[in-house]
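One point on numbering: in our numbering, the residue at position 25 of the sequence shown is 106, and numbering is uninterrupted.
Glycine residues also receive a C-beta, built at the ideal position from the N, C-alpha and C atoms.
Written out below as structure tokens is the structure these notes cover.
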Amino acid sequence: MAKLVECVPNFSEGRRKEVIDAIADAISKTDGCSLLDVDPGASTNRTVYTFVGSPQAVVEGALSAARTAFQLIDMATHSGEHPRMGAMDVCPFIPVQNVTMEECVACANLFAERLSDTLQVPVYLYGEAARKDNRRSLPSIRAGEYEALAEKLKKAEWAPDYGPATFVPSWGATVTGARKFLIAYNVNLLSTKEQAHRIALDIREQGRSKDQPGLLKKVQGMGWYLEEANLAQVSTNILDFELTPVHTVYEEVCRDAKDLNLPVVGSQIVGLIPLKAMLDSADFYIQRDGLFVLEEEQKVRLVISKLGLDSLGPFVPKERIIEYMVKDTQEDKGLVSLSLQQFVRSVGARTPAPGGGSVSAAVAAMGAALGAMVGQMTYGKKQFESLDSVMRKLIQPLHEAMNELLVMVDDDSKAFNHYMAALKMPKNTTDEVKRREAAMQDGLMKAVGIPLSLAERVNLLWPCLKEMVLYGNVACKSDLQVAAKALETAVFGAYYNVVINLKDITDESFKAATQQRASALLQEAQQTTSPLFYIPKCLETIQGAHIPLAMIWGHSSPRAALHNLPKSSLQDQEDTPIPNLSFPRDPSCPHLALPSLEEGPQATLVVLQAASLLDTPITAAKGEGTGAVPTARNTVIIIMGANMAMAITNMAMAITNMAMAITVIDMGMIMIMIMVMVVDVVVEISTVTVMGVEGILGAPAVAATLTRAMGTSRGEKGNCRPHGSSAPNKSLHYITLSCHFLYLEIISCHAYTVVVLFCCV
């Protein structure tokens, strides 16, 4: 992978297009430099250029830009909102790819030396390149700005690191150095400049004074007014976005603005931003707001929306995120960038790499992708809405593994190429032979390490895949079976890639430990995969036959329970080995207990219907008899008994009331009694009808009949339903109906009691 350094020179000109374009042209014409972004500002009268290249190329590009600016910019006439001390105000070098910070420090020193020699101007070093502690911070060097520079250069403590301590009015001074990626980030306010600056003083690390430090570490800030947009900004430089993320700055400004009753109207990235900074902010909002976003593109879009990054103009990710910009400058795009056809042909070519290791990684990535796909085919659908939280939990690790395993496609090929390069090293002298042997051993260990890491990464997915088999859309059972076999095959391939390279390694202890680890990983994959092929079949059979949990729960082995299934439903499973079952309860869903599989080979199967047609929520554990499972039948029988007792009581009360009414010969009372008895007769007939149907057919049979008739119904919103079915638990409806009739019986009894008391009076 090529070495890439980013250079971000800031020039004190943001209004004259011809000057801005001339500097950009000087950078673009430098061999090896790719100009990524030009960001001028009229109010600040400053333009930020961003370009990348090799360490040598970016130094040349920065020098070309400086020579052009020296001819076109006169600091004596410059004015603008942004602090500045020179025509080329600051020129940092930032490591991007395959480059160390020390190499960027070397770039800064080389640039400073050549710039001062060429233009005879003072140059200061800051950041990681600083030679004095008081010069590590850019604001401390720039204190007093251009206007105070002439006097500053006369002081010994402010002698430049390179060049003469001479004030050059047209140029001023330049600061160069090496640093981490700085994010120039501004938050927009509908306020005055003073109000924006007040917030900036509160949040920046420097604060208002040494006694009043600010809230956010590694953040510089000030407030200004952006005339062209007619709004104020809290302008910040985030020096370490991993310590203080972009969203932290935005949220803190929003809190302070709310306290001052000031509206926040979006924000602005000046220049480029690392992809990681965007994804870190996306993860924050996903977690805070309980969102489910997987794709990188969607995460970037979420951050643009949440931070309002397009409030002052379009924010085009391909033009503002540095990794997206740098992609086009890389010559070696790797195997994963090939089309499927190209990759297959590359494998089939007469070359040793890519080989079995890269193919194993590709197969593993596709296995993880299939698992994630099944989750996506389950998530968000009406019949599986009770499983949305489960799918959110399961899809994400599979999706992440898919992307990580793709990287290993190239890693394996590179590791093998490293070994092949060692084989070609000269071996003419004793020292050369030793160096060659050491390089070969290092290459072999890398060639072993990649497939071993692949097997370890794949085996981390088995718990997720097991749960996906249990909870996922049963219509996708074949996809899960292919996923399981693909992941097992990947571990199989990784194992044999480890074994073939181990034989040439001379470190016996390393060989023994690695062989043992690889064998354990292969055994784990094979033992885990086997039951996963059976689970979807069993799920489909049990769901299709509406088999209640009570039929299976009481058995120590599911084999005996499955003998209760109709033979026709087992037609293709007669020779399938049936593993043991385990049914832990999920207390989070009162009507649908979908248990996870326990670890180990003895707990390998299925979630059945925890709230089946016959059973209320399950509380029994494995091995307990069916008596431990309360059923809807028992509940209905109890309520029917209460109905019968109340009906007998009501009949006795009715006879007593009628006798009393006739005795007192009160026509009004007789009419009231007749009305009450009519209501009671309706209640009694309804109760007897329900009791008769329940008694003749049995509540479970009625429920099963209704379920078959209404199996395609959408059910009640919010109900937890049997896995893979949209039918709610109809037995619960009968329990509820019986309770309603019991309630009417009690009301009738109260009415009779009132009448009796009235008659007595």
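Below 8 Å, can you find three or more Cβ-Cβ pairs linking the stretch 206-224 to the stretch 251-261? yes
Only counting the same chain, and skipping five residues up and downstream in sequence, which positions put a Cβ closer than 6 Å to that of A307? Sequence check: residue 307 is Leu here, not Ala. If we look at L307 and ignore the five residues flanking it on each side, its Cβ neighbours are S124, Q314.
Please confirm whether G95 and G134 have their CB atoms less than 8 Å apart. no
Cβ-based neighbour list, A240, same chain, cut-off 8 Å, excluding 5 preceding and 5 following: L234, A246
Bridge partner(s) assigned by DSSP for L270: A313, V345
CA-to-CA distance, I354 to M406, given in whole angstroms: Separation of M406 and I354 (C-alpha to C-alpha, rounded to the nearest whole angstrom) is 10 Å.
Cβ of F396 within 8 Å of Cβ of G436? no
Would you give the residue range spanned by the beta strand (DSSP E) that L206 belongs to? 204-208
Report the CB separation of A445 from H480 in whole angstroms; it is logged as a contact under 8 Å. Going by Cβ atoms, the distance from A445 to H480 rounds to 14 Å, so no, they are not a contact pair.
Is the beta carbon of F132 less than 8 Å from the beta carbon of L153? no
V202 and V249 closer than 8 Å at C-beta: yes
Can you check DSSP and say which residues form a bridge with P121? T128
Helix, strand or coil at M169 [DSSP, three-state]: strand
DSSP-derived helix/strand/coil call for A593: It is helical.
For the alpha helix (DSSP H) containing C188, list its first residue and its last residue. Here the alpha helix (DSSP H) through C188 covers 182-200.
On a CA-only basis, which of R431, I581, Q423, A157 is nearest G167? Give me that one, please. A157
According to DSSP, is N179 part of a helix, a strand, or is it coil? coil
Flag this pair as touching only if the stretch 599-612 and the stretch 528-546 have three or more C-beta atom pairs under 8 Å; answer yes or no. yes
Within the stretch 434-520, ranges of the alpha helix (DSSP H) (whole runs, at least 4 residues): 437-459, 469-504
Please list, in chain order, all residues of the same chain as V119 whose beta carbon is under 6 Å from its beta carbon, the five residues on each side excluded. A105, Y130
So which of N342, G347, I284 has the shortest CA-CA distance to I319? Checking every option, the nearest Cα to that of I319 belongs to I284.
What is the DSSP secondary structure of G708, counted as helix, strand or coil? Note that G708 scores a pLDDT of 37, beneath 50, so its modelled location is shaky; the value from the coordinates is reported in the next line. Of the three classes helix, strand and coil, the one that applies to G708 here is helix, per DSSP.
Return yes when the Cβ of W252 is within less than 8 Å of the Cβ of F151, no when it is not. yes
State the DSSP-derived secondary structure class of F424, mapped to helix, strand or coil. helix
Distance between beta carbons of I280 and D242, contact taken as under 8 Å: With 8 Å as the limit, D242 and I280 do not qualify as a contact, their Cβ atoms being about 35 Å apart.
Does the Cβ-Cβ distance between G448 and M472 come in under 8 Å? For G448 and M472, no; Cβs fall outside 8 Å.
Does the stretch 539-558 come close enough to the stretch 496-513 that 3 or more CB-CB pairs lie under 8 Å? no
Is the beta carbon of P136 closer than 8 Å to that of V858? The question about residue 858 has no answer, for the chain in this structure spans 82 to 842.
Return helix, strand or coil for P639, following the three-state DSSP convention. Any reading at P639 must be qualified, since the residue scores a pLDDT of 38, below 50, and its modelled position is unreliable; the value itself is stated next. Helix.
Nonlocal neighbours in the same chain, by C-beta distance under 8 Å from Y366, ignoring five residues either side: H328, L372, L383, V384, K387
Considering only the beta carbon of each residue, do V204 and A146 sit closer than 8 Å? Not in contact: V204 and A146 (Cβ atoms no closer than 8 Å).
In angstroms with no decimal places, state the Cα-to-Cα distance between K515 and Q522. Distance between the alpha carbons of K515 and Q522 is about 11 Å.
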